[in-house]
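In the numbering used here, each residue carries its 1-based index in the sequence shown increased by 49.
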Amino acid sequence: MSIVTDIFLWLLIETAFGFLFYATGCMLLKVTTFGSYKMEFKDYASFKQRKSKKVVPVIALGVGFYITMITLLAFINS
């Protein structure tokens with residue numbers, strides 16, 4: 050029973066972080082392209098439906114943004 054609970058918990062965490070990173074990547078692309086990038090999702094259900102190889106670079110951009118922000122904050126505070 051514990052394995053099923055762990056798998057369910059990690060799937061929820063992965064989905065939530067994936068959506069957060071995808072949304073961040075979309076917003077960064079929209080800002081840097083001055084609005085010419087069209088977001089492909091409107092809600093959480095359509096995000097899960099469109100999760101494919103096309104969104105991996107956008108998610109990587111979102112992850113990179115958060116890593117850069119954490120590194121910058123650590124550098125400033127030291």
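In this text, a Cβ means the ideal position worked out from N, Cα and C, and glycines have one as well.
Within this structure, are the beta carbons of Thr64 and Gly111 separated by less than 8 Å? On the sequence shown, position 15 is the one that residue 64 refers to. On the sequence shown, position 62 is the one that residue 111 refers to. No, these two residues do not count as a Cβ contact at 8 Å.
Exposed or buried, what is Phe70 when buried is set at 16 or more other beta-carbons lying within 10 Å of its beta-carbon? For the purposes of this step, residue 70 is taken as residue 21 along the sequence shown, with counting starting at 1. Phe70 comes out buried.
Between Thr117 and Ser85, what straight-line distance do the alpha-carbon atoms span, to the nearest angstrom? Here residue 117 corresponds to residue number 68 of the sequence shown, with the count starting at 1. Here residue 85 corresponds to residue number 36 of the sequence shown, with the count starting at 1. Going by the C-alpha atoms only, they are around 24 Å apart.
Taking the alpha helix (DSSP H) that Thr82 belongs to, which residues open and close that run? In the sequence shown, residue 82 corresponds to position 33, counting from 1. Unbroken run through Thr82: none, as it is neither H nor E.
Taking the alpha carbon of Val104 as the reference point, which residue from Phe57, Phe68 and Ala123 has its own alpha carbon closest? For the purposes of this step, residue 104 is identified with residue 55 of the sequence shown, where counting begins at 1. Ranking Phe57, Phe68 and Ala123 by Cα distance to Val104 puts Phe68 first.
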